[in-house]
Amino acid sequence: MPELPEVEVVRAGLERHVVGARVVDVEVLHPRPVRRDPGGPDGFVAALRGRTLLGARRRGKYLWLPLDSGDALTAHLGMSGQMLVQPPSAPDERHLRVRLRLEGADEGRELRFVDQRMFGGLAVSLGGAELPPEMAHVARDPLDPAFDDAAFVAAVRRRASAVKRILLDQKVVSGVGNIYADEALWRTRLHGERPGERLRPVEVRTLLTNVRAVMTEALAQGGTSFDALYVNVNGESGYFDRSLDAYGQEGRPCRRCGAAIRRTAFMNRSSFWCPRCQPAPRTARPSRPAAAPKRPGPASD
DNA sequence: GTATGTACCTGTTTGC
DNA sequence: TGCAAACAGGTACATA
8 MPELPEVEVV RAGLERHVVG ARVVDVEVLH PRPVRRDPGG PDGFVAALRG RTLLGARRRG
68 KYLWLPLDSG DALTAHLGMS GQMLVQPPSA PDERHLRVRL RLEGADEGRE LRFVDQRMFG
128 GLAVSLGGAE LPPEMAHVAR DPLDPAFDDA AFVAAVRRRA SAVKRILLDQ KVVSGVGNIY
188 ADEALWRTRL HGERPGERLR PVEVRTLLTN VRAVMTEALA QGGTSFDALY VNVNGESGYF
248 DRSLDAYGQE GRPCRRCGAA IRRTAFMNRS SFWCPRCQPA PRTARPSRPA AAPKRPGPAS
308 D
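Okay, so the first sequence: first residue is 8 according to our numbering, each after it adds one.
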């Protein structure tokens with residue numbers, strides 16, 4: 008599923024291929040992906056038709072395209088969303104939800120929002136060209152030059168919550184998903200259930216360094232497939248297969264110490280961790296084994 | 001304000 | 001073979 012590096016690849020692709028284009032028509036094929044638009048599907052279409060896309064910006068995993076009306080087209084890919092730039096002759100994708108017909112960009116291509124599970128969506132944010140108010144609560148991501156490292160360390164150490172939950176809290180830091188959280192925790196040799204307030208400053212700083220490293224490496228790999236597929240976020244990039252040390256590795260030997268990677272349930276999802284490198288906190292509730300046998304790796308969609 | 005749990009959603013896999 | 005349940009997880013929202 009798309010995490011921050013994949014979203015950044017999409018943003019860069021949109022910047023290259025659709026900025027400057029005018030929206031000549033909009034087709035909403037399923038209402039759910041525009042559920043967050045205050046005007047509903049009809050208002051969404053009306054707010055976009057005839058508008059020119061002025062840029063492609065990102066905060067965390069949120070994207071927005073400022074419009075010449077002062078509004079912005081906002082997008083979140085959720086679990087399975089894709090933004091594809093396609094020629095009109097390309098057959099509709101199975102899960103095509105919204106189609107924008109463009110004029111003046113790459114010979115009249117279409118911008119398509121494709122989303123199987125529909126956790127993602129599009130909306131028009133009124134007056135949101137600079138920073139949509141719907142995203143104002145979202146913290147900067149660790150790759151943002153304006154990210155405040157000291158404030159992050161303080162925020163983590165102020166909370167009693169499990170450090171993994173803090174990593175996934177977009178009000179503290181954005182762009183970290185379940186996969187990168189597990190990978191960064193593995194690199195830092197930290198168990199995800201360690202309370203933030205019990206961590207030493209150096210541990211939090213190291214964790215932040217490792218979050219950045221994981222993202223940077225993924226970004227370097229995710230960028231390679233862009234040109235061939237235009238705007239592609241299919242979650243099947245080689246990154247997942249080649250570079251993961253913890254996520255999806257249940258039962259396989261830890262690359263560092265050889266102990267079998269374990270999977271436990273956490274926040275209604277899975278955590279993967281090394282029982283030797285990442286000892287569980289003594290005060291934590293006993294880790295429950297995950298409920299059912301796990302398919303290897305992330306979902307195959 | 002923080003902490004915690006759950007609904008949303010669908011294709012695939014698993015278990016009976 | 002066929003059906004039902006489990007599973008993936010980012011985000012918003014509800015509740016304590």
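Even for Gly, the Cβ is constructed at its ideal location relative to N, Cα and C. What you are looking at is a predicted structure, and each value in this text was computed from that prediction instead of being measured.
Assigned exposure category for residue i - 16 Cβ within 10 Å defines buried
i      : result
Cys281 : buried
Glu13  : buried
Ser244 : Confidence at Ser244 is low in this model, with a pLDDT of 40, below 50, so its placement is unreliable and no value can be given for it.
Thr223 : exposed
Pro48  : buried
Ser96  : exposed
Arg289 : exposed
Asp99  : exposed
Met274 : exposed
Pro94  : exposed
Gly115 : exposed
Asp189 : buried
Gly20  : buried
Met225 : The displayed chain sequence assigns Ala, not Met, to residue 225. With 16 or more other Cβ atoms within 10 Å, it is buried.
Val240 : Model confidence at Val240 stands at a pLDDT of 35, short of 50, so the residue's coordinates are unreliable and nothing is read from them.
Arg270 : buried
Option in the options with minimal Cα separation from residue i
i      : options                           : result
Ala191 : Glu117, Val30, Leu129 and Ser278  : Ser278
Val25  : Glu204, Glu117, Ser76 and Val14   : Glu117
Phe159 : Leu215, Asn185 and Val16          : Leu215
Leu150 : Arg104, Ala227 and Leu133         : Ala227
Val218 : Met142, Arg205 and Leu174         : Leu174
Leu138 : Gly77, Tyr187, Arg205 and Leu129  : Gly77
Asp32  : Glu15, Pro38, Leu55 and Arg64     : Leu55
Ala63  : Gly85, Gly135 and Asp44           : Gly135
Ala146 : Gly128, Asp176 and Cys264         : Asp176
Asp252 : Arg194, Val17 and Ala162          : Arg194
Tyr187 : Leu206, Asp155, Arg205 and Ala220 : Ala220
Ala53  : Ala28, Leu133 and Leu61           : Leu133
Asp148 : Arg270, Leu60, Arg207 and Arg65   : Arg65
Leu161 : Gly127, Arg205, Ala272 and Pro152 : Sequence inspection shows Ala at residue 161; the Leu mentioned does not correspond to that position. Among Gly127, Arg205, Ala272 and Pro152, the Cα nearest to that of Ala161 is on Arg205.
Pro73  : Gly46, Glu22, Ser87 and Gly111    : Glu22
Pro208 : Gly184, Tyr69 and Val163          : Val163
Met86  : Leu107, Phe126 and Arg101         : Phe126
Leu11  : Gly184, Arg39, Glu210 and Pro286  : Gly184
Asp155 : Arg212, Arg101 and Leu107         : Arg212
Arg262 : His144, Gln285 and Thr271         : Gln285
Cβ pair residue i, residue j closer than 7 Å
i      : j      : result
Val131 : Gln89  : no
Gly67  : Gly182 : yes
Leu84  : Pro140 : no
Ala28  : Leu91  : no
Gly258 : Ala266 : no
Leu70  : Arg18  : yes
Continuous beta strand (DSSP E) stretch holding residue i: start and end
i      : result
Glu110 : Leu103 to Glu110
Val183 : Run containing Val183: none; DSSP gives neither H nor E here.
Gly128 : Gly128 to Ser132
Val121 : Glu117 to Asp122
Met90  : Gly88 to Gln93
Ala272 : Arg269 to Phe273
Thr81  : Ala79 to His83
Asp32  : Arg29 to Val35
Arg205 : Note, Arg205: premise wrong, no beta strand (DSSP E); not H, not E.
Tyr69  : Tyr69 to Pro73
Val96  : A small correction: the amino acid at residue 96 is Ser; Val does not occupy that position in the sequence shown. Taken as a continuous stretch (DSSP letters only), Ser96 belongs to no beta strand (DSSP E), as it is neither H nor E.
Arg65  : Arg64 to Arg66
Ser309 : Given a span of 8 to 308 for the chain in the structure shown, any question on residue 309 remains unanswerable.
Enclosing alpha helix (DSSP H) for residue i [first to last residue]
i      : result
Glu15  : Leu11 to His24
Asp156 : Asp156 to Arg165
Pro48  : Gly47 to Leu55
Arg196 : That residue, Arg196, is in no alpha helix (DSSP H); it is neither H nor E in DSSP.
Leu174 : Val170 to Leu174
Supposed close pair residue i, residue j - CB separation, criterion 8 Å
i      : j      : result
Val179 : Leu197 : About 16 Å separates the two Cβ atoms, so there is no contact after all.
Arg58  : Asp75  : 6 Å
Leu103 : Arg119 : 6 Å
Gly203 : Ala167 : 7 Å
Ala82  : Leu129 : 5 Å
Phe51  : Val30  : With a Cβ gap of about 11 Å, Phe51 and Val30 do not count as contacting.
Arg276 : Cys264 : Wrong, their Cβ atoms sit about 25 Å apart, outside the cutoff.
Val16  : Val105 : Not quite, the Cβ-Cβ distance comes to about 20 Å (not below 8 Å), so this is no contact.
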